[in-house]
Amino acid sequence: MTTWIRKEHVAVNVKASNWEEAIRASGSLLLETGAITQEYIAQMIHSVKENGPYIVIGPGIAMAHARPSKAVHEDAISLAILDEAVSFGSEQNDPVDLVFSFSATGTEAHLKLIEQLSSVLINEEKVEQLRHAQTKEDIFNLM
Amino acid sequence: MAKVKIMTVCGFGLGSSMVLKMNLDGVLKDLGIQADVFTGDVGSAQSTPADYIFTSKELGEKLQKTVNKPVIIINSFVNKAEIKEKVEAELQA
Numbered sequence: 001m002t003t004w005i006r007k008e009h010v011a012v013n014v015k016a017s018n019w020e021e022a023i024r025a026s027g028s029l030l031l032e033t034g035a036i037t038q039e040y041i042a043q044m045i046h047s048v049k050e051n052g053p054y055i056v057i058g059p060g061i062a063m064a065h066a067r068p069s070k071a072v073h074e075d076a077i078s079l080a081i082l083d084e085a086v087s088f089g090s091e092q093n094d095p096v097d098l099v100f101s102f103s104a105t106g107t108e109a110h111l112k113l114i115e116q117l118s119s120v121l122i123n124e125e126k127v128e129q130l131r132h133a134q135t136k137e138d139i140f141n142l143m
Numbered sequence: 001m002a003k004v005k006i007m008t009v010c011g012f013g014l015g016s017s018m019v020l021k022m023n024l025d026g027v028l029k030d031l032g033i034q035a036d037v038f039t040g041d042v043g044s045a046q047s048t049p050a051d052y053i054f055t056s057k058e059l060g061e062k063l064q065k066t067v068n069k070p071v072i073i074i075n076s077f078v079n080k081a082e083i084k085e086k087v088e089a090e091l092q093a
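For the protein sequence lines, the chains are A and B, in the order given.
For the first sequence, position 105 (counting from the first letter as 1) is numbered 105 according to the UniProt record's numbering, and the numbering increases by one without interruption.
For the second sequence, position 8 (counting from the first letter as 1) is numbered 8 according to the UniProt record's numbering, and the numbering increases by one without interruption.
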């Protein structure tokens, strides 16, 4: 099993009725293990309000994040797979059902995480399987 | 010829722009194009020397008005075919 995404940081069948709730749900996974503080979730939401839905990086895939700060304790990635996809306001890539949250402490260590994540996301077949994952184990087998 | 310098841009210069950088690196390697790809935030895009900027639609439309170098919009940062098509159209023209 790979270690770049922790078991505590993934969740399936997550319910969210809009993009803010979706980011909160994904961010809470990092909050619960102490990787980030509550403040970081607010920053991720603020960033979308300020810069638009550019965090939606592919069809149905959002990658919420904010800048490194005191609100980040650990380099980590979480994934919340939504029960029902929500709109982020992205013309090309809505609706979103795979919501990643990414926290970086500002050191180089997070580069490896992004590299691992990119290699999964660029594989369309894997993304499709991820989308239909029913359990945390399914997710881990794919990652 | 000097190496092409490409900046991938997102809100903070990490996260999504890094995903784009990783995938762009892969495409450039496949095509045999020598390039330096680095990430940056939207605020510094104007003042950072680069031959090309690759970014999302939302940020790209803003940047196209303010920077005087090609701004290439990528709809999906995880679609290798789209990235390849745009690299071929812009860099090999």
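Cβ atoms here follow ideal geometry from the backbone N, Cα and C, with glycine treated the same way.
Between Val96 (chain A) and Ala62 (chain A), the gap from beta carbon to beta carbon is short of 8 angstroms. Counting only runs of 4 or more residues that sit fully inside the UniProt domain "PTS EIIA type-2" (3-143) of chain A, the alpha helix (DSSP H) segments are 19-32, 38-51, 110-121, 124-131 and 136-142, in chain order.
Per DSSP, the unbroken beta strand (DSSP E) holding Asp36 (chain B) starts and ends at Ala35 to Asp41. Contacts with chain A at 8 angstroms (Cβ-Cβ) do not include Lys86 (chain B).
At least one CB atom of chain B sits nearer than 8 angstroms to the CB of Gln92 (chain A). In the DSSP annotation of this structure, Thr48 (chain B) is not part of any beta strand (DSSP E), being labelled neither H nor E. For Lys57 (chain B), the enclosing alpha helix (DSSP H) begins and ends at Lys57 to Thr66.
Phe54 (chain B) is bridged by DSSP to B:Thr8 and B:Ile72. Among the residues facing chain A, Leu14 (chain B) is included, as its CB has a counterpart in that chain under 8 angstroms away. At a cut-off of 8 angstroms, the C-beta of Gly11 (chain B) has a neighbouring C-beta in chain A. Put simply, the CB of Val67 (chain B) is far from chain A, with every gap to its CB atoms at 8 angstroms or more.
Spatial neighbours of Pro53 (chain A) in its own chain (CB-CB distance under 6 angstroms, excluding positions within 5 residues in sequence) are listed in chain order as Phe88, Gly89 and Ser90.
Interface annotation, Phe77 (chain B): in contact with chain A, CB-CB separation under 8 angstroms. For the stretch 123-135 of chain A, the residues whose beta carbon sits under 9 angstroms from a beta carbon of chain B are, in order, Asn123, Glu124 and Val127. Think of a sphere of 8 angstroms around the beta carbon of Ala71 (chain A): no beta carbon from chain B falls inside it, the nearest being about 13 angstroms out. A direct Cα-Cα distance of roughly 21 angstroms separates Leu111 (chain A) from Ala50 (chain B).
The three-state secondary structure of Lys3 (chain B), taken from DSSP, is coil. The alpha-carbon separation between Glu8 (chain A) and Leu31 (chain A) amounts to approximately 10 angstroms. For Met143 (chain A), the nearest beta carbon of chain B is not closer than 8 angstroms to its own beta carbon.
Put simply, of A:Gly60, A:Lys70 and A:Lys136 the residue whose alpha carbon is nearest the alpha carbon of Ala22 (chain A) is A:Gly60.
At a cut-off of 8 angstroms between C-beta atoms, Gly34 (chain A) does not count as an interface residue with respect to chain B. By the rule that beta-carbons nearer than 8 angstroms mark a contact, Leu28 (chain B) does not touch chain A. Chain A has a Cβ within less than 8 angstroms of the Cβ of Leu59 (chain B).
Contacts with chain A at 8 angstroms (Cβ-Cβ) include Met22 (chain B). Taking C-beta separations shorter than 8 angstroms and ignoring five residues to either side along the sequence, the partners of Val78 (chain B) in its chain run Val19 and Asn23, following chain order.
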